[in-house]
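This report concerns only the one structure given below.
There are 2 protein chains.
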Amino acid sequence: MKKYEKIASILEQEIFKDVYKENELLPSEHQLTELYGASRQTVRTALKLLEDKGLIQRRQGFGSIVIAHDKLRFPISGLTSYKELQESMGFVSETEVVSFETITIDEKLEKLTQFPLGSEVFRILRQRKIDGKAYVLDLDYLRKDRCPELSPEIAKDSIYQYLENVLGLHIAYAQKEITVDFVHDDDRKYLDLGQQDRHVVSIKSQVFLFDNSLFQYTESRHQVDKFRFTEFARRQKR
Amino acid sequence: MKKYEKIASILEQEIFKDVYKENELLPSEHQLTELYGASRQTVRTALKLLEDKGLIQRRQGFGSIVIAHDKLRFPISGLTSYKELQESMGFVSETEVVSFETITIDEKLEKLTQFPLGSEVFRILRQRKIDGKAYVLDLDYLRKDRCPELSPEIAKDSIYQYLENVLGLHIAYAQKEITVDFVHDDDRKYLDLGQQDRHVVSIKSQVFLFDNSLFQYTESRHQVDKFRFTEFARRQKR
DNA sequence: CAGTGGTCTAGACCACCAA
DNA sequence: TGGTGGTCTAGACCACTGA
Chain A
1 MKKYEKIASI LEQEIFKDVY KENELLPSEH QLTELYGASR QTVRTALKLL
51 EDKGLIQRRQ GFGSIVIAHD KLRFPISGLT SYKELQESMG FVSETEVVSF
101 ETITIDEKLE KLTQFPLGSE VFRILRQRKI DGKAYVLDLD YLRKDRCPEL
151 SPEIAKDSIY QYLENVLGLH IAYAQKEITV DFVHDDDRKY LDLGQQDRHV
201 VSIKSQVFLF DNSLFQYTES RHQVDKFRFT EFARRQKR
Chain B
1 MKKYEKIASI LEQEIFKDVY KENELLPSEH QLTELYGASR QTVRTALKLL
51 EDKGLIQRRQ GFGSIVIAHD KLRFPISGLT SYKELQESMG FVSETEVVSF
101 ETITIDEKLE KLTQFPLGSE VFRILRQRKI DGKAYVLDLD YLRKDRCPEL
151 SPEIAKDSIY QYLENVLGLH IAYAQKEITV DFVHDDDRKY LDLGQQDRHV
201 VSIKSQVFLF DNSLFQYTES RHQVDKFRFT EFARRQKR
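So the sequence lines, in the order shown, correspond to chains A and B.
Note that full-length UniProt numbering has the first sequence beginning at 1, numbered continuously upward.
Note that full-length UniProt numbering has the second sequence beginning at 1, numbered continuously upward.
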């Protein structure tokens, strides 16, 4: 673990343990350099991490204040997989793999997914259940050449975990879009919708690897009344 | 303008002018230090800015690649006001101030907004219209002591612009939540909803200043089929 | 292997805040 | 005015990539 990560993680733990309380100041950068035997820059890199996470607010001429941290904040800024999410919230969730197949990208799918025409991808449809009720329906397209050994068993567990821990595939970034769409046949079939429901929340994502290549296209469809998205946003400098 | 901001903004312009094209490499950090007569750290700070904006992807041992940039990407990661948004998209929008009043926080509002009991706030209800149709309904609560001169005229234009440019009030961060809610009476009254619409998208935000104080609570209600939220997300390091 | 970005140091000066 | 965070420099070594 890098030095600045170590410092950041110690400070983070101490914030959550209320060693440093909400609206109070962290030790100054100068003090932190002495506390951890690091240069100022290293300390600042650590503080930047905490700032990006929304844990502290730095203020010139004053210090770094601990921000109010909702301990049950839904942590979906950044990229996080469904399984990680549920576990961090303390829910036990199940995943049912409805279908798992290899397909070739045709013109229609090229438009939708942006994968190159003729390339082979996995097409995976999964139900996400909590207490036996299906609240989320995931449709994934994944480049087969990057993970040829992917199987329904892995898809039932966590695909991301497999990609990262087993294949060492590192995901870099994603572009996501959230809209509200009309209910489709598959939604009716695989989601436990109310009869009157006409809409679902749709989250479409394109996921890229570090080499800038498109790796995954996903559409995740959520029952409207179970959907919640929270974000910590900083004012953009323009 | 700081040196690293200057470097970042030059590079950004060049990316948009296709001097550096998508999927191509930027000059190396070493080359950039010579190009701009800056230290490596300064160059790196500039590149970090571009990375945070989702314009480039840096890769150890390789270089910084320009990411595909959708020129019409809806830029709502970070904090941006409605007016800024519409203008950046090239739409002409109007705002109607439905009501503008000063109220005192009672127990019910304390729970909702988190403003202290007994404090005075402005309560502003506004319709956002495009082509004469109301698609968005905004309800704002703002601490009166920080902007006592706020008026309906200012609210009709842009509150954020006034706060930043006139009062020099700097907004630091916000916590936002997006959900789908049932339509209320006010939605029916002030939004041009279809008869069958049962839901609206609700975006609730708490907005904080640099001194960590809560300044604004807003609920923004959107017609479901006009709502779209996009986000550029990086994989979180955990 | 040479070249890239990633981490880290030590030190300087500046801008800002509170007392 | 002293202490804080913000910017910037010059230099070092490490980790990784592609040829």
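For every residue, glycine included, the Cβ atom is placed at its ideal position computed from N, Cα and C.
Practice item. Grab me the residues of residue 58 of chain B's own chain with a C-beta within less than 7 Å of its C-beta, minus the 5 sequence neighbours each way, in chain order. Key: Counting from 1 along the second sequence, the entry for residue 58 of chain B is found at position 58. 47, 51, 64.
Practice item. Would you identify the three-state DSSP class for residue 155 of chain A, choosing helix, strand or coil? Key: Here residue 155 of chain A refers to the residue found at position 155 of the first sequence. Residue state, collapsed to three classes: helix.
Practice item. Could you list the residues in the region 216 to 235 of chain A with a C-beta less than 8 Å from some C-beta on chain B, going in chain order? Key: 224, 225, 227, 228, 229, 230, 231, 232, 233, 234, 235
Practice item. Return the chain-ordered list of same chain residues with a C-beta closer than 7 Å to the C-beta of residue 144 of chain B, the five sequence neighbours on each side being excluded. Key: Taking the second sequence and counting its residues from 1, the one referred to as residue 144 of chain B is at position 144. 102, 120, 121, 122, listed in sequence order.
Review point. Is any beta-carbon of chain A found at less than 8 Å from that of residue 201 of chain B?
Key: Mapped onto the second sequence, residue 201 of chain B falls at position 201. Yes, its Cβ sits closer than 8 Å to a Cβ of chain A.
Practice item. Return the CA-CA distance between residue 16 of chain B and residue 29 of chain B, expressed in angstroms with no decimal places. Key: Start at 1 with the first residue of the second sequence, and residue 16 of chain B comes out as number 16. Start at 1 with the first residue of the second sequence, and residue 29 of chain B comes out as number 29. Taking the straight line joining both Cα atoms gives about 20 Å.
Review point. What residue does the beta strand (DSSP E) around residue 57 of chain B start on, and which one ends it?
Key: Position 57 of the second sequence, counted from the start, is the residue given in the question as residue 57 of chain B. Start and end: 56 to 59.
Check your understanding: Do the region 130 to 138 of chain B and the region 162 to 174 of chain B make contact, defined as three or more Cβ pairs closer than 8 Å?
Key -> no
Review point. Under a three-way DSSP split, which group does residue 41 of chain B fall into?
Key: Against the second sequence, residue 41 of chain B aligns to sequence position 41. Of the three classes helix, strand and coil, the one that applies to residue 41 of chain B here is helix, per DSSP.
Review point. Any C-beta of chain B sitting closer than 8 Å to the C-beta of residue 33 of chain A?
Key: Mapped onto the first sequence, residue 33 of chain A falls at position 33. So no, residue 33 of chain A is outside the interface.
**Study point:** Residues that DSSP places opposite residue 173 of chain B in a beta bridge
**Key:** Within the second sequence, numbered from 1, the residue matching residue 173 of chain B stands at position 173. Residue pairing for residue 173 of chain B: DSSP places it in a beta bridge opposite A:234, B:208.
Point to revise | Any C-beta of chain B under 8 Å from that of residue 72 of chain A | key: The sequence position of residue 72 of chain A within the first sequence is 72, counting from 1. Confidence at residue 72 of chain A is low in this model, with a pLDDT of 42, below 50, so its placement is unreliable and the value that follows should be read with caution. Residue 72 of chain A does not count as touching chain B.
Practice item. Over the uninterrupted alpha helix (DSSP H) stretch that includes residue 222 of chain A, give me the two end residues. Key: Locating residue 222 of chain A in the first sequence gives position 222, where the first residue counts as 1. Counting along the chain, residue 222 of chain A falls outside any alpha helix (DSSP H), though it belongs to the beta strand (DSSP E) covering 214 to 223.
Point to revise | Beta-carbon proximity list for residue 12 of chain A, same chain, < 6 Å, skipping 5 on both sides | key: In the first sequence, counting from the first residue as 1, residue 12 of chain A sits at position 12. Within the same chain, residue 12 of chain A has no close Cβ partners at all.
Review point. Between the region 107 to 120 of chain B and the region 216 to 233 of chain B, do three or more beta carbon pairs fall short of 8 Å?
Key: Short answer: they touch.
Review point. Under a three-way DSSP split, which group does residue 93 of chain A fall into?
Key: Translated into the one-based positions of the first sequence, residue 93 of chain A becomes position 93. Residue 93 of chain A: strand per DSSP, three-state reduction.
Practice item. Starting from the beta carbon of residue 176 of chain A, find every residue of chain B whose beta carbon is closer than 7 Å, and list them in chain order. Key: As a first step, residue 176 of chain A is located in the first sequence; it is residue number 176 there, counting from the start. 230, 231, 233, listed in chain order.
Review point. Among the residues of its own chain, which have a CB less than 6 Å from the CB of residue 163 of chain A, if the five just before and after it don't count?
Key: Indexing the first sequence from 1 puts residue 163 of chain A at position 163. Excluding residues within five positions, the ones whose Cβ falls inside 6 Å are 169.
Point to revise | Where residue 232 of chain A falls, given that 16 or more other Cβ within 10 Å makes a residue buried | key: Walking along the first sequence from the start, residue 232 of chain A turns up at place 232. The residue is buried, with at least 16 neighbouring Cβ atoms inside 10 Å.
Point to revise | Residues near residue 205 of chain A in its chain [Cβ-Cβ closer than 6 Å; skip 5 each side] | key: Here residue 205 of chain A is taken as the residue at index 205 of the first sequence, counted from 1. Around residue 205 of chain A: 174, 176, 218.
Exercise for review: Take residue 96 of chain A as the anchor and find which of A:152, A:167, A:66 has the nearest alpha-carbon.
Suggested key: Here residue 96 of chain A refers to the residue found at position 96 of the first sequence. The shortest C-alpha separation from residue 96 of chain A is found at A:152.
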